[in-house]
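Enquirer:
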Amino acid sequence: MTTPEEAANYLRRTNFKALIEWLTAECILHRPEDPLSFCKAAIEGKVAGRGGTGYSSEAPMEFLKATYAKASNSADEHGRIYGNVEGGDIAESSSVATPSDGDGAVRERLETLEMIIESCREIAMELDPVEAQKKIIGQTCRTLKADRATIFRVDEVTNELLLQVAEGAKNIRLPLGRGIAGTVAQTGETINIADAYEDARFDQTHDQKSGYRTHSILCGPVKKPSGEIIGVLQVINKAEGTFTETDEGILEILCSQAGICLQNADLFSQTERSRSRFRSLLDIINALQGDMGLSSLLFTMTREAPRVVDADRATIFLVDERDDELWSMQGDVNMRFPRGQGIAGSVATTGSTINIPEAYEDDRFNQGVDKSTGYRTRTILCMPIRAAGKIVGVCQAINKKHDGPFNDEDEEVMGAFLSIAGPIIQSSQLFQHMHGERESEEAAGNEFSGKHVGKMQLKHAGSSLPDLSEEEAEG
1 MTTPEEAANY LRRTNFKALI EWLTAECILH RPEDPLSFCK AAIEGKVAGR GGTGYSSEAP
61 MEFLKATYAK ASNSADEHGR IYGNVEGGDI AESSSVATPS DGDGAVRERL ETLEMIIESC
121 REIAMELDPV EAQKKIIGQT CRTLKADRAT IFRVDEVTNE LLLQVAEGAK NIRLPLGRGI
181 AGTVAQTGET INIADAYEDA RFDQTHDQKS GYRTHSILCG PVKKPSGEII GVLQVINKAE
241 GTFTETDEGI LEILCSQAGI CLQNADLFSQ TERSRSRFRS LLDIINALQG DMGLSSLLFT
301 MTREAPRVVD ADRATIFLVD ERDDELWSMQ GDVNMRFPRG QGIAGSVATT GSTINIPEAY
361 EDDRFNQGVD KSTGYRTRTI LCMPIRAAGK IVGVCQAINK KHDGPFNDED EEVMGAFLSI
421 AGPIIQSSQL FQHMHGERES EEAAGNEFSG KHVGKMQLKH AGSSLPDLSE EEAEG
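The letter at position 286 of the sequence shown is residue 286 when you use UniProt numbering, and the numbering goes up by one with no holes.
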């Protein structure tokens, strides 16, 4: 299976951006009725022209230069552009101005063509996801001469559209099929509205709150090259008049380029995130290798586990096989409850990972702790800690940051972290004492200074717990 890093390297190595820009320029120049068949024929023609020689990453740029030259050389004395049609005959392109259009119209179309190509180039250059969206919005407004533009991303897990207002801010979510953007995401069809207030799908709430007046809207689907819809590009308020059929064609080109750009940015971001997690994991491993007592070890794990999966907080529960309980140290209190109880207990009993996208919809979750502390638990990732073939504890991460649930990658990275932490926990003296290797809890000496509060009957042990300071955790 190809990794994101391998895919990103392949795209750079083959100069894929220039290849897409060349095909885009060819389509703009010739305006074929079937762009896909046209692009396929263009590529097949270039492959046949190689005469069996290998592919060169410099070729796409040469193709692009030739297309620019062809557009310039095919213009007549009035500035009209002519393109090649199927069969090799020269015919006036459907997008070409006629003599009655005047030099101004011809000049405007040439400027639009140049603007589209420049926008595609600018969009294709960006690999950072946030910056890519900003670049797409800016180039779309410039090319279509519109006041505003917005990109919605499809969240496949929740089946919603996601709008990132600003980096670090809470995202806005819209159900698929609702509103103009939701309808486009569901149907894959472009929507062109002359007056938003005359369309029942338009939500006037934002205008009423902000004082802004939305007039015209042009909204199109953003797709991967495979055709999968990954977002929606919505443009608002044409500077003069309403959006035209020509604008729809331009938006389609920009949406296609945006789809490629966002896919590449996602691959790049995933690769960088994996590298960062790997570095963090190495730092955590080094921290756990030191000679520390169990209380210090648990504090370190509680502090570092959220970094591994980008969570808000985490709790470590240990298995006390002697009393068939789960035990967790919170500040100067050690809390006990029956094994098998709640979310953590279920994981300790079955050894299976529990990944909950919405805590309040799971009956095993105890909302009482949230109500008493004011904290709001949304997402939970609870995984077993193993050593020597046994379950020695449970790690429960709470609230994935930057919205969204914990994913498969989070489970994989957390699993790697816990596979290292498990044997270290098992080898600690206090843990051995809990399993009957010492006669009394006091024999653990100064390693643990918490106060035992007995068997706390928590109806649902699986809630988030207050943050700890290092001083509290160390006693």
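Cβ coordinates follow ideal geometry from the N, Cα and C atoms, glycine included. Remember, predicted model here, so these are calculated numbers, not experimental data.
#1: For a quick check, are the C-beta atoms of LEU161 and VAL154 less than 8 Å apart?
#2: Less than 8 Å between the C-beta atoms of ASP147 and ILE236, yes or no?
#3: Quick one: any contact between the region 265-275 and the region 219-229, if contact means 3 or more CB pairs under 8 Å?
#4: Short check: CB of PHE365 to CB of ILE343, under 8 Å?
#5: Once DSSP output is grouped into helix, strand and coil, what is the label at THR14?
#6: Hey, would you say ASN192 sits closer than 8 Å to LEU176, going by beta carbons?
#7: If we count Cβ pairs, one from each stretch, closer than 8 Å, do we get three or more for the region 394-405 versus the region 302-311?
#8: Take residue 481 as the anchor and find which of ILE43, ASP323 and THR14 has the nearest alpha-carbon.
#9: Taking only the alpha-carbon atoms, compute the straight-line gap between THR377 and GLU361 and give it to the nearest angstrom.
#10: Is it the case that the region 130-141 contacts the region 370-388, given that we only count it when at least three CB pairs across the two stretches are under 8 Å?
#11: Just mark ARG336 as buried or exposed, buried being the case when its beta carbon has 16 or more other beta carbons within 10 Å.
#12: So what's SER352 in DSSP terms, helix, strand or just coil?
#13: Quick check on this structure: which residue in CYS255, HIS206 and GLY179 has the alpha carbon closest to the alpha carbon of GLU228?
#14: Could you check what DSSP says for residue 486 in three-state terms: helix, strand or coil?
#15: Which residues in the same chain as ALA149 place their Cβ atom closer than 6 Å to its Cβ, once the five residues preceding and following it in sequence are excluded?
#16: My guess is that ALA387 and ILE425 are in contact by the Cβ rule of under 8 Å, so how many angstroms apart are they, rounded?
#17: Return yes when the Cβ of PRO405 is within less than 8 Å of the Cβ of VAL157, no when it is not.
#18: Do VAL319 and ALA348 have their CB atoms nearer than 8 Å?
#19: Please identify the residue among GLY259, ASP370 and SER427 whose C-alpha is closest to the C-alpha of LYS17.
#20: Along the chain, where does the alpha helix (DSSP H) containing GLY415 start, and where does it finish?
#21: Specify, as a first and last residue, the run of the beta strand (DSSP E) that LEU174 falls within.
#22: Sort out for me which residues DSSP pairs TRP327 with in a bridge.
#23: Roughly how far, in whole angstroms, is the beta-carbon of LEU281 from the beta-carbon of VAL392, given that I think they are within contact range, below 8 Å?
#24: If you reduce the DSSP assignment to three classes, tell me which class GLU160 lands in.
#25: Give the straight-line distance between the Cα atoms of GLU62 and ARG279, rounded to the nearest whole angstrom.
#26: What is the DSSP secondary structure of GLY342, reduced to helix, strand or coil?
#27: Secondary structure at THR190, three-state DSSP: helix, strand or coil?
#28: In angstroms, rounded to a whole number, what distance separates the CA positions of ARG173 and ASP323?
#29: Below 8 Å on the Cβ atoms is my contact criterion, and I expect THR271 with GLU5 to pass it. Report the Cβ-Cβ distance as a whole number of Å.
#30: Take the Cβ of residue 476 as the centre, count every other Cβ of all protein chains shown within 10 Å, and call the residue buried at 16 or more, exposed below.
#31: What are the start and end residues of the beta strand (DSSP E) that includes GLY220?
#32: So what does LEU381 bridge to, in DSSP terms?
#33: By the 10 Å Cβ neighbour count, where 16 or more other Cβ atoms means buried, how is ALA311 classified, buried or exposed?
#34: DSSP three-state call for ASN237: helix, strand or coil?
#35: Going by DSSP, what residue range makes up the alpha helix (DSSP H) through PRO35?
#36: Starting from VAL303, trace the alpha helix (DSSP H) in both directions and tell me its first and last residue.
Expert: Based on what the coordinates show:
#1: Working through the sequence shown from its first residue, we reach residue 161 at position 161. Working through the sequence shown from its first residue, we reach residue 154 at position 154. Contact annotation: LEU161 and VAL154 have beta-carbon atoms nearer than 8 Å.
#2: Walking along the sequence shown from the start, residue 147 turns up at place 147. Walking along the sequence shown from the start, residue 236 turns up at place 236. Contact flag set, yes.
#3: When C-beta atoms of the region 265-275 are compared with those of the region 219-229, fewer than three pairs fall below 8 Å, so the two segments do not count as touching.
#4: Numbered from its first residue, the sequence shown carries residue 365 at position 365. Numbered from its first residue, the sequence shown carries residue 343 at position 343. Taking the C-beta atoms as reference points, ILE343 is found nearer than 8 Å to PHE365.
#5: Counted from its first residue, the sequence shown places residue 14 at position 14. THR14 carries a coil assignment under DSSP once its states are collapsed to helix, strand and coil.
#6: What you label residue 192 is simply residue 192 of the sequence shown in a count that begins at 1. What you label residue 176 is simply residue 176 of the sequence shown in a count that begins at 1. Contact flag unset, no.
#7: Yes, the region 394-405 touches the region 302-311.
#8: Nothing about residue 481 can be reported from this structure: the residues present for the chain run from 1 to 475 only.
#9: Translated into the one-based positions of the sequence shown, residue 377 becomes position 377. Translated into the one-based positions of the sequence shown, residue 361 becomes position 361. Each residue's alpha carbon lies about 11 Å from the other.
#10: Per the Cβ contact rule, the region 370-388 is not in contact with the region 130-141 (fewer than 3 Cβ pairs under 8 Å).
#11: Here residue 336 is taken as the residue at index 336 of the sequence shown, counted from 1. Buried is the call here.
#12: Here residue 352 refers to the residue found at position 352 when the sequence shown is read from its first residue. Here SER352 sits in coil by DSSP.
#13: Position 228 of the sequence shown, counted from the start, is the residue given in the question as residue 228. Of the listed residues, the one whose Cα sits closest to GLU228 is CYS255.
#14: Absent from the structure is residue 486, since the part of the chain shown begins at 1 and ends at 475.
#15: On the sequence shown, residue 149 is found 149 positions in, with the first residue counted as 1. Excluding positions up to five away in sequence, the list reads ILE137, THR140, CYS141 and VAL235.
#16: What you label residue 387 is simply residue 387 of the sequence shown in a count that begins at 1. What you label residue 425 is simply residue 425 of the sequence shown in a count that begins at 1. The C-beta distance from ALA387 to ILE425 rounds to 7 Å, short enough to meet the 8 Å contact threshold.
#17: The residue labelled residue 157 in the question sits at position 157 within the sequence shown. The residue labelled residue 405 in the question sits at position 405 within the sequence shown. Yes, the Cβ-Cβ distance between VAL157 and PRO405 is below 8 Å.
#18: In the sequence shown, residue 319 corresponds to position 319, counting from 1. In the sequence shown, residue 348 corresponds to position 348, counting from 1. Yes, Cβ-Cβ distance for VAL319 and ALA348 is below 8 Å.
#19: If you number the sequence shown from 1, residue 17 lands on position 17. Per the Cα distances, GLY259.
#20: Taking the sequence shown and counting its residues from 1, one reaches residue 415 at position 415. Looking at the DSSP string, the run of the alpha helix (DSSP H) that includes GLY415 is 408-427.
#21: Here residue 174 refers to the residue found at position 174 when the sequence shown is read from its first residue. The continuous beta strand (DSSP E) containing LEU174 extends over residues 172-175.
#22: Numbered from its first residue, the sequence shown carries residue 327 at position 327. Per DSSP, LEU318 and ARG336.
#23: One-based indexing of the sequence shown puts residue 281 at position 281. One-based indexing of the sequence shown puts residue 392 at position 392. Not quite, the Cβ-Cβ distance comes to about 20 Å (not below 8 Å), so this is no contact.
#24: Translated into positions along the sequence shown, residue 160 becomes position 160. Reduced to three states, the DSSP call for GLU160 is strand.
#25: By one-based count along the sequence shown, residue 62 stands at place 62. By one-based count along the sequence shown, residue 279 stands at place 279. If you draw a straight line from the Cα of GLU62 to the Cα of ARG279, it comes to about 41 Å.
#26: Counting from 1 along the sequence shown, the entry for residue 342 is found at position 342. In this structure, GLY342 counts as helix in the three-state DSSP scheme.
#27: If you number the sequence shown from 1, residue 190 lands on position 190. Reduced to three states, the DSSP call for THR190 is coil.
#28: Mapped onto the sequence shown, residue 173 falls at position 173. Mapped onto the sequence shown, residue 323 falls at position 323. About 46 Å.
#29: On the sequence shown, position 271 is the one that residue 271 refers to. On the sequence shown, position 5 is the one that residue 5 refers to. Rounded, the Cβ-Cβ distance is 4 Å, consistent with contact.
#30: Limits of the chain in this structure are 1 at one end and 475 at the other, which puts residue 476 out of reach.
#31: Counted from its first residue, the sequence shown places residue 220 at position 220. First-last of the beta strand (DSSP E) with GLY220: 217-223.
#32: On the sequence shown, residue 381 is found 381 positions in, with the first residue counted as 1. Per DSSP, the beta bridge partners of LEU381 are ASN355 and ALA397.
#33: Position 311 of the sequence shown, counted from the first residue, corresponds to residue 311. With at least 16 other beta carbons inside 10 angstroms of its own, ALA311 counts as buried.
#34: Translated into positions along the sequence shown, residue 237 becomes position 237. Three-state result, ASN237: strand.
#35: As a working mapping, residue 35 is identified with position 35 in the sequence shown. For PRO35, the enclosing alpha helix (DSSP H) starts and ends at 35-49.
#36: Here residue 303 refers to the residue found at position 303 when the sequence shown is read from its first residue. Val is not the amino acid found at residue 303; the sequence shown has Arg there. Segment 294-309, the alpha helix (DSSP H) holding ARG303.
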